[in-house]
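This note's numbering numbers the first residue of the sequence shown as -13 and each following residue consecutively.
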Amino acid sequence: MAEEKDSSEHELEQLQFKVIILGDGAVGKTSIAMRHTENSFSNVYKQTIGLDFYLKRLSLPGDVQVALQLWDIGGQTIGGKMLKNYIFGAHFLPPRAVIVPKAVLLVYDITNYESFQNLEDWLRLVQRTFGDSKLPYIGLCGNKCDMNHLRTVKAAKHKQFADENDMKSYMMSAKTGDQVNSAFFQIAADLAGIIVTRPEVEITTPIVKATIINHDQNDPDVAAPDMRRPDKKCLIQ
Ligand SMILES: Nc1nc2c(ncn2[C@@H]2O[C@H](COP(=O)(O)OP(=O)(O)OP(=O)(O)O)[C@@H](O)[C@H]2O)c(=O)[nH]1
């Protein structure tokens, strides 16, 4: 009879995927990583100097265990000498982990058009870094979609850029947590070559609480909010 592996051995054999998070300063890369790995968020901006690592274990359909290494690279590194090392750098893989393909998440802030335009530069940098070797999986990520009312990057622009460069599309809010887990679940499944259904992806998304504003109920000019259908803001279309 086959012996059951103890948990530490099992851990060593799991798939590890390195996901590099790139984009301008203050677009929310650290916030996305922290929301996904620690389910926390801070309104205070603390610039990432160099890079930070985060690790998240996920369980995919078929009991496939995956660990995502999130490499949060400071937005100010774009001109720096270290960036290529960060992107191509050595993994901190456990000894028996399966060697991984890489993914790059190019993040912009949907309220900051320049941060979207600058992704052209970030993408070129990734392309130059990988040179002739196969490009990694690349995801285009619009963050801060809780501020949809201040959106300056139209959905059509996002879609066009993603389509032209063969990138997967994501929209999310690190602040509310909307679509953060589902994006990483989808990325992990894509990297592991596992097809996931929409309900399987959606179940990873926490319910986003709507902010309740105390309108004066007697004021006829104030429409009562429809609490049955909270506004779904993180939509690409
Ligand atoms: N409203 C809103 N604010 C966000 C969101 N994500 C991040 N922020 C805020 O944006 C600011 C910058 O967030 P960071 O996560 O530090 O940005 P970063 O891209 O890691 O920045 P660098 O370290 O400079 O590369 C912080 O004040 C966050 O609170 C979001 O989804 N919605």
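Backbone N, C-alpha and C fix where the C-beta goes; we use that ideal spot for every residue, glycine too.
Where residue i sits in the DSSP three-state scheme
i, result
"residue 158", "coil"
"residue 15", "helix"
"residue 45", "strand"
"residue 6", "strand"
"residue 120", "coil"
"residue 128", "strand"
"residue 72", "helix"
"residue 27", "coil"
"residue 93", "strand"
"residue 225", "Since the first residue of the chain shown is -13 and the last is 223, residue 225 is not available in this structure."
Cut-off 6 Å between Cβ atoms - residues of its own chain near residue i, not counting five sequence neighbours on either side
i, result
"residue 104", "10"
"residue 69", "63"
"residue 175", "46, 182"
"residue 40", "19, 23, 56"
"residue 112", "90"
"residue 107", "none"
Sub-8 Å separation of residue i and residue j beta-carbons
i, j, result
"residue 21", "residue 125", "no"
"residue 5", "residue 93", "no"
"residue 52", "residue 142", "no"
"residue 122", "residue 154", "no"
"residue 57", "residue 7", "yes"
"residue 72", "residue 37", "yes"
Residue-chain proximity (residue i, chain B), Cβ-Cβ < 8 Å
i, result
"residue 51", "No chain B is part of this structure, which consists of one protein chain only."
Cβ shell of residue i (< 8 Å), same chain only, five flanking positions each side left out
i, result
"residue 160", "14, 17, 18, 20, 21, 27, 129, 130, 166"
"residue 188", "168"
"residue 50", "1, 178, 180"
Close-in-space but distant-in-sequence residues of the same chain around residue i (CB under 7 Å, 5 per side omitted)
i, result
"residue 190", "167, 168, 171"
"residue 137", "96, 97"
"residue 186", "47"
Proximity test, residue i beta-carbon vs ligand 3 heavy atom, cut-off 7 Å
i, result
"residue 129", "With respect to ligand 3, the structure offers nothing, as its ligand set consists of ligand 1."
Quick one: any contact between the stretch 171 to 191 and the stretch 32 to 48, if contact means 3 or more CB pairs under 8 Å? The stretch 171 to 191, when compared against the stretch 32 to 48, does touch it at the 8 Å Cβ threshold.
With three or more C-beta pairs closer than 8 Å as the rule, is the stretch 100 to 120 touching the stretch 30 to 43? Contact annotation: the stretch 30 to 43 does not touch the stretch 100 to 120, with fewer than three C-beta pairs closer than 8 Å.
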